[in-house]
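The structure under discussion appears below in the form of C-alpha cells.
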Amino acid sequence: MKATARSILFILVLSAFACFSREAGAGAQGGSGSAAASSTISGKVYQFEKIADGVYYATSSSPMATGGNHPIIINDRDVLLVDDGTTPAAARALLQDMKLITDKPVRWVVNTHFHYDHTDGNSVFGPEVEIIGHEYVRHAIADLDVTHREPFKNAISNMPVQIESLKKQLGEAKDPAQRATLEKQLAATQADLEELKALKPTPPTMTYSSKMTLFRGQREIQLLFLGRGHTQGDTVVFLPKERIVCTGDLMESRLAYMGDALFDEWVTTLDALKELDFGTVLPGHGVPFHEKSLITAYQSYLKDLVVKVAELRKQGLSAEETAQKVDMTSHKSDFPQIQGPGADLRGVRRMYEWMDERARR
Ligand SMILES: [Zn+2]
Numbered sequence: 041m042k043a044t045a046r047s048i049l050f051i052l053v054l055s056a057f058a059c060f061s062r063e064a065g066a067g068a069q070g071g072s073g074s075a076a077a078s079s080t081i082s083g084k085v086y087q088f089e090k091i092a093d094g095v096y097y098a099t100s101s102s103p104m105a106t107g108g109n110h111p112i113i114i115n116d117r118d119v120l121l122v123d124d125g126t127t128p129a130a131a132r133a134l135l136q137d138m139k140l141i142t143d144k145p146v147r148w149v150v151n152t153h154f155h156y157d158h159t160d161g162n163s164v165f166g167p168e169v170e171i172i173g174h175e176y177v178r179h180a181i182a183d184l185d186v187t188h189r190e191p192f193k194n195a196i197s198n199m200p201v202q203i204e205s206l207k208k209q210l211g212e213a214k215d216p217a218q219r220a221t222l223e224k225q226l227a228a229t230q231a232d233l234e235e236l237k238a239l240k241p242t243p244p245t246m247t248y249s250s251k252m253t254l255f256r257g258q259r260e261i262q263l264l265f266l267g268r269g270h271t272q273g274d275t276v277v278f279l280p281k282e283r284i285v286c287t288g289d290l291m292e293s294r295l296a297y298m299g300d301a302l303f304d305e306w307v308t309t310l311d312a313l314k315e316l317d318f319g320t321v322l323p324g325h326g327v328p329f330h331e332k333s334l335i336t337a338y339q340s341y342l343k344d345l346v347v348k349v350a351e352l353r354k355q356g357l358s359a360e361e362t363a364q365k366v367d368m369t370s371h372k373s374d375f376p377q378i379q380g381p382g383a384d385l386r387g388v389r390r391m392y393e394w395m396d397e398r399a400r401r
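Letter by letter, the sequence shown follows residues 41 to 401 in my numbering.
So this is what it looks like as C-alpha cells:
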C-alpha cells in the first residue's frame with residue numbers, strides 16, 4: 041500500500057512538473073525537432089537561440105516556473121515579445137535576461153492565447169507597452185475567472201503537493217550535491233506558489249478579430265486568427281519575409297493541452313496553418329521544427345483521439361476510465377511523450393463535454 045501511495049505521489053509530482061515548471065525545457069521529448077542550437081546565449085533563467093537576424097527563441101530549464109517558450113522579434117527601434125510567462129517573476133527574469141540580446145525596449149507583447157503560462161506576466165508591463173491578443177483572450181481573462189478554472193486550477197493545487205514531496209526528499213537525501221539541488225527546487229517552488237497566489241489576471245490592452253499587421257522598419261509582423269481549436273482565440277505570429285511562424289499552443293512540437301479544445305475545428309485550423317508559406321515553426325512548448333508533416337501527424341492524433349474516445353464512451357466508460365484506457369500508442373513515433381495507453385484527463389473530460397455540445401447543436 042505504502043509503495044503504491046508513494047508511486048502515485050511520484051507520478052503526480054512528475055506530471056505536475058511536466059505541465060508546469062518544466063514545460064519550457066521539456067522540448068527534448070517533442071517529436072521531430074531541430075538539431076542542437078547553433079547559436080545560443082544563456083542568461084540566469086533563459087536561453088536564447090538565434091533563429092534569424094533579430095529573431096530569437098527563448099526557453100528555460102530553470103527550477104523557476106516559467107511557462108511557454110518565447111519567440112522574440114527585435115525590430116529597428118523596439119521589440120515584440122510573444123507570450124510573457126507563468127508568473128510576474130518569470131516575466132521580470134525574461135526581461136532581465138533579454139538584455140543579453142538587445143538594448144531595445146519591449147513595446148509589444150502578443151498573448152497567443154489566454155492560458156496562464158502565456159499571459160501571467162502581463163501585469164509587469166507599463167502603459168508604454170501594448171499587450172495584443174485576439175478579442176477572445178481579453179474576454180477570457182476579464183470575464184472567465186481564470187484563476188478558478190483549468191488549466192490554472194490544476195497548476196496551483198499541485199504546488200503544495202510538489203512542495204511536500206521536495207521537503208520529504210530533502211529529509212531523506214544525504215548527498216550534498218543532491219541536497220543543494222533539492223533546496224534550490226524547493227525554494228523556487230515556494231516562491232512560485234507565493235507569486236501565483238498574488239496573481240492579478242491582466243487582459244490585453246489591444247485586441248483584433250481576424251488579422252492585424254505591424255510594420256516596424258523593415259519588419260512585417262502578421263498576427264493571424266486562423267480559426268478556433270486549441271482555444272477559441274489563438275493567435276499565430278507570422279513573419280512572411282523570414283518565413284517563420286510562431287504557433288503558441290495551437291501547434292506544439294509535442295502533444296498540447298486540450299482542456300479548452302474544439303477538436304474538429306482544431307483540425308481545420310491546422311489546415312489553414314499549413315497553407316502559410318513558412319520554413320520554421322516556433323511553438324509555445326517543445327522545440328523549433330521545420331516539417332509540415334508534424335502538423336499532419338498532430339491532426340491525425342486529434343482525429344484518432346475523437347474516434348477512440350467516442351468508442352469507449354459508447355461502451356459506458358467514464359471520462360476518467362477512458363483517459364486511462366484510450367490507446368494512442370500508434371502515434372508514439374511522432375509524439376514520443378506517449379509511453380503507453382492513456383491520454384490527459386483534462387483533455388478527455390473536455391472531449392466528453394464537447395461531444396455533448398455537438399449533440400445539442
Ligand atoms: Zn502553454
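Where a beta carbon is used, it is the ideal one built from N, C-alpha and C, also for glycine.
Because the structure is a prediction, the values reported are computed rather than measured.
The bridge partners DSSP lists for F255 are E260. The secondary-structure analysis by DSSP pairs G173 across a beta bridge with N151 and T247. Assignment of T80 by DSSP, reduced to helix, strand and coil, places it in the strand class.
According to DSSP, H110 shares a beta bridge with A98. Judged by DSSP in its simplified three-state form, A301 adopts coil rather than helix or strand. By the criterion of a C-beta distance shorter than 8 Å, R283 is surrounded in its chain by D317, F318, G319 and T320, once the five residues flanking it on both sides are discounted.
Taking the Cβ of H371 as the reference point, every heavy atom of ligand 1 lies at 8 Å or farther away.
For H110, the shortest C-beta to heavy atom distance toward ligand 1 is 8 Å or greater. Inter-segment contact for the segment 232-248 and the segment 164-183 is present: three or more beta-carbon pairs are separated by less than 8 Å. Measuring C-alpha to C-alpha distances from N198 to each of K214, E223, L134 and T229 identifies T229 as the nearest. Bridge pairing for K90: Y96 [DSSP].
In this model, R353 and M368 are separated by some 16 Å (Cα to Cα). Taking C-beta separations shorter than 6 Å and ignoring five residues to either side along the sequence, the partners of K348 in its chain run V366, following chain order.
Distance from the C-beta of D124 to the nearest heavy atom of ligand 1 is not below 8 Å. The C-beta distance from P328 to Y97 rounds to 6 Å, short enough to meet the 8 Å contact threshold. D300 is the residue among P145, W306 and D300 whose C-alpha sits nearest the C-alpha of F192.
A residue is called buried once 16 or more other Cβ atoms fall within 10 Å of its Cβ, and Q355, having fewer, is exposed.
Minimum Cα-Cα distance from H270 among the listed residues M291, A195 and I141 corresponds to M291.
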